[in-house]
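Asks:
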């Protein structure tokens, strides 16, 4: 167990700047998720920690020790790959035991540890099989077992769940969370799935074009997104972002009028989460427009209302129903958060 | 109705193609088992004989020594070329060596050179070294022909192996050397075997260098074919027997790696 | 780190081989091309003659003849091989027992020694007892007794036939590989849109095959320019010099008349031609790749 520090780390591919200079500290024992769309530099950053990519400038420290020049094998890390990276010509037992074999651990001890770990991930019965004979979920668990058989200082996981089907993903998420709780090893986890990030992380680093845009706990990222990008990325269904202006202490847009405690200005974007809006009767609602679509999710109904050019989505009761194109009224729930952003820079406005 | 017709037409065409391919080969095989008199008739009805094979293996033809020469030269060439090529192919595939594109192109471009242009210097060199008509000479020139081709083939196979397993091994604690030994070589084994057999075939069938650089001692099988031309005329039945000896080992090898053969023919060419 | 030195180390054995066996002799032969050297007269090269060997080539009728012969051979062989291999590949695309059988059979010609193919065809086209000449005569009586290998045009035709027989299967596999990488959806979409089978082939499939066809064309051209074995065993360059390709001509100059200097110069002319073609090929390939990734 150790902390990971990236100090003024920068990564260039020839002329192209993949990761601009920035610093990041992963606290000992935490589960840090690097979250962002494809190409945002999260995988590159993690591969630099692993030693699979060279750092153009800056330092990486693991457990206080500078590891820039150390090859991956000397960094005492373990990694789970998106495509698992299993050894197709070896059995499951040999796959899991390979790291131990490399360290010269003799056969009986090796077999014991492999068996122990296999039990933990419920692979005990499959030890003699080859990867080609396993399902996706089983292969994933082999990769996991291989990573934990050594108890390394750091765990690195590169979108390990993205190749699994939706149901399996949910199950594996819970397993990963439990495993982290049990082993307490510092983990860096890369994903583009914000639900994974929210459920697994102790802290999330939202990344965009190589830069960390916000580094915070899931709760604070959800309730106080630092800019438009984060606000839009986190939350499912995503936050409603409505352009307008503030006049006379109210946010104004077509069909929308809300009191806000901010000075008058133009070029404002209002952010409202669907789960913080409710459908109200009555003509004097802050948001008013025509019903555009209704989606039933089982435990709720998502109503999308068209106000002018904006589409506002609200999470209503499961039994709500109305005619498409009928007039609908929405209002923020009691005590919910309003988010205001500068339209041009995208940054959060002081509320 | 037309679907039925096209089904039959397609199969008829395929049959025709197979026949065109198989016919010269089968005719040669048949002739090898014919007595001289039958070889010059066109009958399919003849009494087969092994006499031709007996004749070519005894003097003055001594096909046996040619078989040995071809086998030794081909095996040695493969034994040297394939390991060297595999290492180079791995480097080209996995490392960003500066100037790598240039080196790779340089290696490849040797394939675009006619053999005649290097046979002259070799002839002169071997002559002064007293190495004319030796197996070593032929091994050296065959290495010239096959090495770039084998590098290209093996690189194609290694390119197709995802790097994930290698990276996982490096993280697990393996040095690059161990990664190549434990992970890459086993995964690339079918491709390397296919390339080795391609290499063997090219060397076994090599003709130009053998023709120029050998006289008596190091004569290989294809070159030996020409010795069946006498003043009396060409001894077709003996030539066919020799032809069978040239082709059978290769056909067996080719059919063994058949599955990978088509892969090998396209490896690296189609991206 | 060790990787940095390892990446070069791995290249060393192969490069030693290539340098020693190809690049060094190439340099040697280039030097020889500028000298006068008759091997029957002396063991050493005799004197510098600059470009005399090259200019001699340009005026010598035998050389010009060999250029013509080579051109005829290469063009016929490449065109026929391309047509046949593409057509057969289109046929072989689907699955079926006959298809698998044909595919297996197609491996064989490539594995056969070209010298042996020459011998075999020489036997089969013999006017008196050759199975093909007699077989054709049985179907077309006018062809009886035609001296296939004694006629300039016909012997070239048979030479081309051996080369086409030898290389079409290999090229067919390359085309098959290319066809396999065309997404099925493009053809299915066209079928749904209402295009007939033939239209699909010409308007959907073949345009997507451009890259592969280019590669096979260039490769086949290079191989055709290198072709040598069959000339020796099938025609011996004859009748006269009607099948004396440039490669075979160089062979004669160097090893029948032992004029090393002249032979080296000629060999370099052939090499230059092939290098031009392959350089053009590399440029085509790079621009194709640029277009593909754009």
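Protein chains in written order, with the numbering used here: chain A, 1 to 351; chain B, 352 to 622; chain C, 623 to 916.
Built from N, CA and C at the ideal position, the CB exists for glycine as well.
As the structure is a computational prediction, the values presented were derived from the model and not from experiment.
1) With respect to the alpha helix (DSSP H) encompassing residue 192 of chain A, which residues constitute its N-terminal and C-terminal limits?
2) Nearest to residue 367 of chain A by CA position, among A:206, A:215 and A:319, is which residue?
3) Can you pull out the residues from the segment 510-540 of chain B whose beta carbon lies closer than 9 Å to at least one beta carbon of chain A?
4) What are the uninterrupted segments assigned as beta strand (DSSP E) that are 3 or more residues long and contained completely in the segment 228-257 of chain A, given in chain order?
5) Between which two residues does the beta strand (DSSP E) harbouring residue 24 of chain A extend?
6) In the DSSP output, which residue or residues are listed as bridge partners for residue 711 of chain C?
7) With distances taken between CB atoms, is the gap from residue 163 of chain A to residue 124 of chain A smaller than 8 Å?
8) Report all residues from its chain with a CB closer than 6 Å to the CB of residue 461 of chain B; omit the five preceding and five following residues, and keep chain order.
9) In angstroms with no decimal places, state the Cα-to-Cα distance between residue 6 of chain A and residue 441 of chain B.
10) Which partner residues of residue 848 of chain C appear in the DSSP bridge assignment?
11) Against residue 81 of chain A, what residues of chain B qualify as contacts under a CB-to-CB distance less than 8 Å, listed in chain order?
12) Any idea what DSSP makes of residue 215 of chain A, helix, strand or coil?
13) If residue 240 of chain A sits next to residue 272 of chain A, beta carbons under 8 Å apart, how far is it from one beta carbon to the other, in whole angstroms?
14) Taking a Cβ distance cut-off of 9 Å, strictly less, list which residues of the segment 591-602 of chain B are near chain C, in chain order.
15) Please list, in chain order, all residues of the same chain as residue 92 of chain A whose beta carbon is under 6 Å from its beta carbon, the five residues on each side excluded.
16) In whole angstroms, what is the alpha-carbon distance linking residue 381 of chain A and residue 158 of chain A?
17) On a Cα-Cα basis, can you pick out the residue from C:808, C:846, C:731 and C:788 that is closest to residue 895 of chain C?
18) Going by CA-CA distance only, name the one from C:719, C:733, C:782 and C:875 that's closest to residue 594 of chain B.
19) Under a Cβ-count criterion, where at least 16 other Cβ atoms within 10 Å of its own Cβ denotes burial, should residue 898 of chain C be classed as buried or exposed?
20) By the three-class DSSP mapping on this structure, what secondary structure does residue 857 of chain C have?
21) What does residue 103 of chain A reach in chain B if we use C-beta pairs closer than 7 Å?
22) Any Cβ of chain B within less than 8 Å of the Cβ of residue 690 of chain C?
23) Alpha carbon to alpha carbon, how far is residue 561 of chain B from residue 852 of chain C? Give it in angstroms, no decimals.
24) Check whether chain B comes within 8 Å of residue 160 of chain A, counting only Cβ atoms and requiring the distance to be less than that.
25) For residue 890 of chain C versus residue 698 of chain C, is the C-beta distance shorter than 8 Å?
26) Whose CA, out of A:349, A:61, A:44 and A:8, lies closest to the CA of residue 262 of chain A?
27) Use the C-beta contact count for residue 95 of chain A: other C-beta atoms within 10 angstroms, 16 or more gives buried, fewer gives exposed.
28) Among A:62, A:172, A:90 and A:112, which residue has its Cα nearest to the Cα of residue 78 of chain A?
29) Starting from residue 73 of chain A, find everything on chain B with Cβ-Cβ shorter than 8 Å and list it in chain order.
30) Which of helix, strand or coil does DSSP assign to residue 505 of chain B?
31) Could you tell me the boundaries of the beta strand (DSSP E) in which residue 157 of chain A lies?
32) Span of the beta strand (DSSP E) holding residue 34 of chain A?
33) Please report how far the alpha carbon of residue 374 of chain B lies from the alpha carbon of residue 706 of chain C, in whole angstroms.
34) State buried or exposed for residue 856 of chain C, treating a residue as buried only when at least 16 other CB atoms are found within 10 Å of its CB.
35) What does residue 935 of chain C touch in chain B if you count any residue whose Cβ is under 8 Å from its own?
36) Sort out for me which residues DSSP pairs residue 329 of chain A with in a bridge.
Replies: Reading from the atomic positions:
1) Counted from its first residue, the first chain places residue 192 of chain A at position 192. It is not in any alpha helix (DSSP H) - residue 192 of chain A carries neither H nor E in the DSSP assignment.
2) Outside the displayed span of chain A (1 to 351) sits residue 367 of chain A, for which this structure offers no information.
3) From the segment 510-540 of chain B, only 513, 514, 515, 516, 517, 518, 519, 520, 521, 522, 523, 524, 525, 526, 527, 529, 533, 534, 537, 538 and 540 have a Cβ closer than 9 Å to chain A.
4) Runs found: 240-247 and 250-253.
5) Working through the first chain from its first residue, we reach residue 24 of chain A at position 24. Residues 16-26.
6) In the third chain, residue 711 of chain C corresponds to position 89, counting from 1. DSSP, once it has assigned bridges, lists no residue as partnering residue 711 of chain C.
7) For the purposes of this step, residue 163 of chain A is identified with residue 163 of the first chain, where counting begins at 1. For the purposes of this step, residue 124 of chain A is identified with residue 124 of the first chain, where counting begins at 1. No. Outside cutoff.
8) The residue labelled residue 461 of chain B in the question sits at position 110 within the second chain. Cβ contact annotation for residue 461 of chain B (same chain, cutoff 6 Å, sequence separation greater than five): 499, in chain order.
9) Numbered from its first residue, the first chain carries residue 6 of chain A at position 6. Numbered from its first residue, the second chain carries residue 441 of chain B at position 90. Approximately 32 Å between the Cα atoms of the pair.
10) One-based indexing of the third chain puts residue 848 of chain C at position 226. According to DSSP, which records beta bridges pairwise, residue 848 of chain C is partnered with nothing at all.
11) Residue mapping note: residue 81 of chain A aligns to position 81 of the first chain, counting from 1. Those are 515, 518 and 519, listed as they occur along chain B.
12) Position 215 of the first chain holds residue 215 of chain A. DSSP places residue 215 of chain A in strand when its eight states are reduced to three.
13) Locating residue 240 of chain A in the first chain gives position 240, where the first residue counts as 1. Locating residue 272 of chain A in the first chain gives position 272, where the first residue counts as 1. Contact between residue 240 of chain A and residue 272 of chain A holds, since their C-beta atoms are separated by about 5 Å, short of 8 Å.
14) Within the segment 591-602 of chain B, the residues whose Cβ lies closer than 9 Å to some Cβ of chain C are 591, 593, 594, 597, 598, 601 and 602, listed in chain order.
15) For the purposes of this step, residue 92 of chain A is taken as the residue at position 92 of the first chain. Closer than 6 Å at Cβ, skipping near neighbours: 126, 127, 129 and 142.
16) Past the boundaries of the shown model lies residue 381 of chain A; chain A is included only from 1 to 351, so the question cannot be answered.
17) Taking the third chain and counting its residues from 1, the one referred to as residue 895 of chain C is at position 273. Checking every option, the nearest Cα to that of residue 895 of chain C belongs to C:846.
18) Mapped onto the second chain, residue 594 of chain B falls at position 243. Answer by Cα proximity: C:733.
19) Working through the third chain from its first residue, we reach residue 898 of chain C at position 276. In the assembly as shown, residue 898 of chain C is an exposed residue. Its beta-carbon has fewer than 16 other beta-carbons within 10 Å.
20) The count along the third chain starts at 1 and reaches residue 857 of chain C at position 235. In the displayed model, residue 857 of chain C falls within a helix according to three-state DSSP.
21) Walking along the first chain from the start, residue 103 of chain A turns up at place 103. Close to residue 103 of chain A, with beta-carbon spacing below 7 Å, are these residues of chain B in chain order: 524.
22) Stepping through the third chain from its first residue, residue 690 of chain C is reached at position 68. No - not a single Cβ of chain B is within 8 Å of the one on residue 690 of chain C.
23) Walking along the third chain from the start, residue 852 of chain C turns up at place 230. Walking along the second chain from the start, residue 561 of chain B turns up at place 210. Their Cα atoms are separated by approximately 14 Å.
24) Taking the first residue of the first chain as 1, we reach residue 160 of chain A at position 160. Residue 160 of chain A has a beta carbon lying at 8 Å or more from every beta carbon in chain B.
25) Counting from one through the third chain, the residue named residue 890 of chain C turns up at place 268. Counting from one through the third chain, the residue named residue 698 of chain C turns up at place 76. No, Cβ-Cβ distance for residue 890 of chain C and residue 698 of chain C is not below 8 Å.
26) Counting from one through the first chain, the residue named residue 262 of chain A turns up at place 262. For the set A:349, A:61, A:44 and A:8, the Cα lying nearest the Cα of residue 262 of chain A is the one of A:349.
27) Taking the first chain and counting its residues from 1, one reaches residue 95 of chain A at position 95. A buried status is given to residue 95 of chain A, since no fewer than 16 other beta-carbon atoms sit within 10 Å of its beta-carbon.
28) Looking up residue 78 of chain A in the first chain gives position 78. Closest by alpha carbon: A:62.
29) Reading the first chain from its first residue, position 73 is the one you call residue 73 of chain A. Ordered by position in chain B, the residues that pass the 8 Å Cβ test against residue 73 of chain A are 521, 522, 523, 524, 525 and 526.
30) On the second chain, residue 505 of chain B is found 154 positions in, with the first residue counted as 1. It is helical.
31) What you label residue 157 of chain A is simply residue 157 of the first chain in a count that begins at 1. Taken as a continuous stretch (DSSP letters only), the beta strand (DSSP E) holding residue 157 of chain A covers 154-158.
32) Position 34 of the first chain, counting from 1, holds the residue named residue 34 of chain A. Looking at the DSSP string, the run of the beta strand (DSSP E) that includes residue 34 of chain A is 31-35.
33) Position 23 of the second chain holds residue 374 of chain B. Position 84 of the third chain holds residue 706 of chain C. Those two C-alpha atoms are separated by around 18 Å.
34) The residue given as residue 856 of chain C occupies position 234 in the third chain. Buried.
35) The question about residue 935 of chain C has no answer here: the residues shown for chain C are numbered 623 through 916.
36) For the purposes of this step, residue 329 of chain A is identified with residue 329 of the first chain, where counting begins at 1. Looking at the DSSP output, residue 329 of chain A bridges to A:280 and A:288.
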